[in-house]
Each structure stands twice: as C-alpha cells, then as structure tokens.
C-alpha cells in the first residue's frame with residue numbers, strides 16, 4: 079500500500095505570502111490610480127486647467143475694467159476654477175467682483191469650455207447673495223483665450239428695477255466688450 083504524504087501546512091506558506099504580496103501591490107496601484115485619475119483626466123481632456131509643462135492655465139485671478147454704459151467703467155476681478163465634478167455639465171466655475179462707488183457686487187460664475195484648450199468658453203453670472211438686486215448687472219459672458227495672460231470677453235448686461243423686476247425695454251442694446259489680464263488675489267482687495 080502506498081503512503082499518502084501528510085500536508086503539514088508548511089508547503090502552502092510560500093504561495094500564501096506570494097499571493098498576499100500580489101494583493102497588496104495591486105491594492106497600492108489601485109489607490110494610486112484613484113488618487114491621480116482626476117489630475118490625469120484634467121491634463122488629458124482639459125489642458126487649459128492643469129499644465130504639467132508650466133504653460134499658463136485659465137484658472138486663477140483675472141482683472142480689468144468693464145463698461146456698464148457711457149461714462150460708467152467699473153473695475154472687475156474674477157477668480158476662475160476648473161470644476162472637478164465628473165457628473166457636472168459645467169467645466170468652469172468661480173466668482174467675480176465688480177466695484178461700484180463705495181461698494182462691490184459679487185457674482186457666482188459657471189460655464190463651459192467650447193474646446194479642449196478653452197480657446198472659447200462661456201460663463202453665466204449670477205449676482206450673489208441677492209439675484210434680484212437693483213442696478214445693471216453682468217449676464218451671459220462669451221470669452222476667448224489664446225492660452226496667455228489675456229481674456230477677451232463680450233458680456234450681456236441686465237438692468238434690474240428697484241423692485242427686483244426686469245423690463246425688456248430697459249435693457250442695454252449693445253453688449254459690453256472688455257479684456258481681463260492675469261492677476262493675483264491682491265487685485266481683489268486693491269481694485270475695489
């Protein structure tokens with residue numbers, strides 16, 4: 079009769095250690111991929127938002143002057159960011175501050191890049207916190223950016239009546255065209 083060798087458990091130990099190592103390495107690689115995927119995605123699909131080569135990006139502070147009518151030019155500072163929400167339809171979000179005689183009007187911005195390099199993009203602006211504040215406000219913004227330190231913008235302006243209503247016969251006929259230049263957070267404090 080042939081003897082059946084007994085398994086003491088020692089024979090399986092090297093295989094278990096190897097499978098544990100493979101499992102830990104696989105887990106580590108998955109964690110690294112999960113953490114870097116948003117950045118890789120932005121670098122590939124939205125190079126305007128993240129530049130590993132050091133070239134200028136669209137996110138950041140921008141400042142300039144916008145005309146709200148004849149003899150009414152106001153300083154404006156925008157802070158633009160790339161959205162990181164994969165389910166969101168907006169590519170760009172941010173805030174804008176328009177300075178008006180002794181006060182400022184804050185806006186929330188959201189919009190989309192029309193192409194991979196954000197050569198053209200649109201933003202919608204909403205006065206914040208009161209969307210019905212009386213006065214002339216920024217509306218829809220259409221912008222072009224050549225990848226440098228200047229943005230050209232064509233903005234529709236909306237006039238809100240003192241009671242918070244909106245009348246079509248009181249709206250400006252022509253859009254406002256202006257340029258923004260790359261700035262810093264300091265511009266937000268000093269321009270107003």
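In our numbering, the protein residues as written are 79 to 270.
Positions of the beta carbon are idealized from the N, C-alpha and C atoms, including for glycine.
#1: Would you list the one or two residues that DSSP bridges to residue 199?
#2: According to DSSP, is residue 173 part of a helix, a strand, or is it coil?
#3: Based on Cα-Cα distance, which residue from 145, 213, 97 and 100 lies nearest to residue 256?
#4: Taking the Cβ atom as the reference point for each residue, do residue 200 and residue 217 lie within a distance shorter than 8 angstroms?
#5: Report back the beta-carbon spacing between residue 154 and residue 139 to the nearest angstrom; my notes put them in contact at under 8 angstroms.
#6: Between the stretch 247 to 264 and the stretch 228 to 239, do at least 3 Cβ pairs fall closer than 8 angstroms?
#7: Hey, quick one: how far does the alpha helix (DSSP H) through residue 143 stretch, first residue to last?
#8: Where do the ends of the beta strand (DSSP E) carrying residue 228 lie?
#9: Of the residues 214, 128 and 102, which one's Cα is nearest the Cα of residue 114?
#10: Per DSSP, residue 216 forms a beta bridge with which residues?
#11: Apply the 10 Å Cβ neighbour rule to residue 208 and answer buried if 16 or more other Cβ atoms are within range, or exposed otherwise.
#12: Looking only at C-alpha atoms, which of 243, 191 and 242 sits nearest to residue 126?
#13: Considering only their Cβ atoms, is the gap separating residue 222 from residue 197 smaller than 8 angstroms?
Straight from the coordinates:
#1: The sequence position of residue 199 within the chain shown is 121, counting from 1. 191 and 221, per the DSSP bridge assignment.
#2: Within the chain shown, residue 173 is the residue found at index 95, counting from 1. Reduced to three states, the DSSP call for residue 173 is strand.
#3: On the chain shown, residue 256 is found 178 positions in, with the first residue counted as 1. Nearest of 145, 213, 97 and 100 to residue 256, Cα basis: 145.
#4: Here residue 200 refers to the residue found at position 122 of the chain shown. Here residue 217 refers to the residue found at position 139 of the chain shown. No, the Cβ-Cβ distance between residue 200 and residue 217 is not below 8 angstroms.
#5: In the chain shown, the residue the question calls residue 154 occupies position 76. In the chain shown, the residue the question calls residue 139 occupies position 61. Actually they are not in contact, since the Cβ atoms of residue 154 and residue 139 sit about 11 angstroms apart, beyond 8 angstroms.
#6: In short, these stretches touch, since the Cβ pair count reaches three.
#7: Taking the first residue of the chain shown as position 1, residue 143 is located at position 65. Element bounds for residue 143: not the alpha helix (DSSP H) but the beta strand (DSSP E), 138 to 145.
#8: One-based indexing of the chain shown puts residue 228 at position 150. 228 to 238 is the extent of the beta strand (DSSP E) around residue 228.
#9: In the chain shown, residue 114 corresponds to position 36, counting from 1. With distances taken between Cα atoms, residue 114 lies closest to 128.
#10: Reading the chain shown from its first residue, position 138 is the one you call residue 216. Checking the DSSP bridge columns, you'll see residue 216 partnered with 235.
#11: Within the chain shown, residue 208 is the residue found at index 130, counting from 1. Exposed.
#12: Residue numbering aside, residue 126 sits at position 48 when the chain shown is read from its first letter. Among 243, 191 and 242, the Cα nearest to that of residue 126 is on 191.
#13: Numbered from its first residue, the chain shown carries residue 197 at position 119. Numbered from its first residue, the chain shown carries residue 222 at position 144. Yes, they are a contact pair.
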